[in-house]
Amino acid sequence: MYDLAEHSEAVTGLHMEPFPQQPSSSEIKYYILATTPKRIYQFIGSVAKGETPQFVQLFAMYNPGTVQFLEIPGTLRESQLQLWPAKPNTTPLSFAWLTGAGIYYGQLGFGDHMPVDWRKGKYLRERYLEKIYTTK
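Pasting the structure below:
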């Protein structure tokens, strides 16, 4: 599949979601988010219906160094990714990522079906919060 081990951090969250509207009847387009304690990654691509193993084709288009990610430094060795829909039993449109530095949250955008630099707000329209509490 795809190896996130270049920084020796555990994967702490993984979520995949098919795009709500599919451009083709022979392929399914997916949006995948993966988190480590300090990074959130996005993978977007198509999988042929019936292909096994299922996501090899999608991850094959990503070379090391080309995958989109955002890094938020922190000292915790864990983080948590949560997604939720606007209505029950629909595609999640919002996400929150709890990290050692605070909560990062935003909206998933399924617009033009192309992977883009979401750090500029195209796919994840985000705001980064200050630490919501401090411990001593």
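Numbering-wise, the numbering used here comes out as the position in the sequence shown, counting from 1, plus 26. Yeah, the Cβ is synthetic: ideal placement off N, Cα and C, and Gly gets one too.
One thing to note: residue 84 has its Cβ within 8 Å of the Cβ of residue 71.
Per the coordinates, the alpha-carbon of residue 97 lies some 32 Å from the alpha-carbon of residue 77. Rounded to the nearest whole angstrom, the CA to CA distance from residue 113 to residue 130 is 22 Å. The continuous alpha helix (DSSP H) containing residue 83 extends over residues 82-86. Distance from the Cα of residue 95 is smallest, within the candidate group 65, 42, 108, for 65.
For residue 55, the enclosing beta strand (DSSP E) covers residues 53-61. For the region 84-111, the continuous beta strand (DSSP E) assignments of 3+ residues that do not extend past its boundaries occur at 94-97, 106-111, in sequence order. Inter-residue distance for residue 92 and residue 69 is about 10 Å (C-alpha atoms, whole angstroms).
Taking C-beta atoms under 8 Å as the contact rule, residue 117 and residue 46 qualify, at a distance of about 5 Å.
Under the three-state reduction of DSSP output, residue 73 falls in the strand class. Boundaries of the beta strand (DSSP E) harbouring residue 121: 118-125, taken from the DSSP string.
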